[in-house]
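2 protein chains.
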Amino acid sequence: MIAQEAGPPLLGIGEAAAHAGVSERALRYYQQLGLITPSARTPGGMRRYSEDNLARVVRIRELQSLLGLNLEEIGAVLANEDRLAELRRVYRAEGTAAERRAELIAEGIALQEELRATIDAKLTRLHGFRDDVDATIERMRKLLAEFAGAPGP
Amino acid sequence: MIAQEAGPPLLGIGEAAAHAGVSERALRYYQQLGLITPSARTPGGMRRYSEDNLARVVRIRELQSLLGLNLEEIGAVLANEDRLAELRRVYRAEGTAAERRAELIAEGIALQEELRATIDAKLTRLHGFRDDVDATIERMRKLLAEFAGAPGP
DNA sequence: TGTAGATCTGCCCTTGACGTCAAGGTCGGC
DNA sequence: GCCGACCTTGACGTCAAGGGCAGATCTACA
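Residue numbers (this note's numbering), protein chains in the order written: chain A, 1 to 153; chain B, 1001 to 1153.
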């Protein structure tokens, strides 16, 4: 019989939501879309969230707000990350040909690099944007200084 | 009588939309929300867009996709930018006290700096994000190399 | 054991940002 | 002066991402 590990306490949906900064509804919705799965349920059917679960929720929000991905795209990213993690976990497992494992990892890397390219593109555009705003601010500062130097009528 | 300037040709909504990379519906919608106003209408009531109009549309999409602002927030940003431009245009106009003008400019600068702070925050988070992804890629690469070095069973 | 909250599963509603369709008006070339 | 392409307003539809409610259930604690 496998021992029941006490581990860190799991949170109910209310605390989990508060902790992750989202609504309870959002948690259920993400689960419905297959983005997260509470790591346990009470015998009565209530969701119990682990720290890992919460980290995943935070990641979802990051991908939403930082990259502007929709939940379907986020699902793909998370699925890939999960697969990579799984591969890492069992990467020496027998039963899977080395070639096949290498293949899977290579594919995973490709997906991560795609994500990285997305991020880089966004970074570049964002830097340009900031420079524009900076230029505007600079112009206005000069204008303001001109006022200070030469008071009006 | 004021001379009719030929100027660069204004575009109909179809070409304008194509040129700006948005739908005609979006252009009408942005106008409805007060974000843009075609710089002319034909006598018959058809919208005619200038290059400036198109630049503004592009800016709207940037603020949407880069910063994730909604159209209301974008309206505020644009309104501020408009006011700054107007101030620059008439910044020596008589009839407005120098103090008042300085006040307006200072306020405008504050708003631009707020926007800049938003951008900076996003940039910081994005850089962190990219570093995470890079680390993941690096780990996977090493794993892959290990496979190459020590072929499976 | 009983009760107050917290949660459960439906299920329909809202909001933002458009898409789409209808019924008609306009423009430019011939 | 007419025709086909383009455009108008108005109204309704859609899609993602949840919000919110009802009615039942569960859990913790006195």
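The beta-carbon is built from N, C-alpha and C at its ideal position, and this holds for glycine as well. No experiment lies behind these values; they were computed from the predicted model shown.
Close to residue 88 of chain A, with beta-carbon spacing below 7 angstroms, are these residues of chain B in chain order: 1143.
When DSSP assignments are scanned along the segment 21 to 107 of chain A, the uninterrupted stretches of alpha helix (DSSP H) that are 4 or more residues long and fall wholly within it turn out to be 24 to 32, 51 to 67, 71 to 89. Assignment of residue 10 of chain A by DSSP, reduced to helix, strand and coil, places it in the coil class.
The beta carbons of residue 1048 of chain B and residue 1011 of chain B sit closer together than 8 angstroms. Taking all protein chains shown into account, residue 112 of chain A has 16 or more neighbouring C-beta atoms within 10 Å of its C-beta and is therefore buried. Counting C-beta atoms within 10 angstroms of its own C-beta, residue 1136 of chain B has 16 or more neighbours from the protein chains shown and is therefore classed as buried.
Within the same chain, 1008 come within 8 angstroms of residue 1051 of chain B by CB-CB distance, once the 5 residues on both sides are set aside. Shown here for residue 1036 of chain B: same chain residues with a beta carbon closer than 8 angstroms to its own, the five before and five after excluded, namely 1027, 1030, 1053, 1056, 1057, 1060 in chain order. Closer than 9 angstroms at the C-beta level to chain B, one finds these residues of the segment 126 to 137 of chain A: 126, 127, 129, 130, 133, 134, 136, 137.
Proximity of the segment 114 to 134 of chain A to the segment 66 to 85 of chain A meets the contact definition, three or more beta-carbon pairs being nearer than 8 angstroms. In terms of Cβ geometry, residue 66 of chain A and residue 1069 of chain B do not form a close pair [threshold 8 angstroms].
Taking all protein chains shown into account, residue 33 of chain A has fewer than 16 neighbouring C-beta atoms within 10 Å of its C-beta and is therefore exposed. Contact of residue 62 of chain A with chain B is assigned, a C-beta pair being separated by under 8 angstroms. Pairing residue 1119 of chain B with residue 133 of chain A gives a Cβ-Cβ distance under 8 angstroms.
Taking 8 angstroms as the cut-off, the beta carbon of residue 1063 of chain B is found no closer than this to the beta carbon of residue 88 of chain A. By the rule that beta-carbons nearer than 8 angstroms mark a contact, residue 1120 of chain B touches chain A.
For residue 20 of chain A, the closest Cβ of chain B is not nearer than 8 angstroms.
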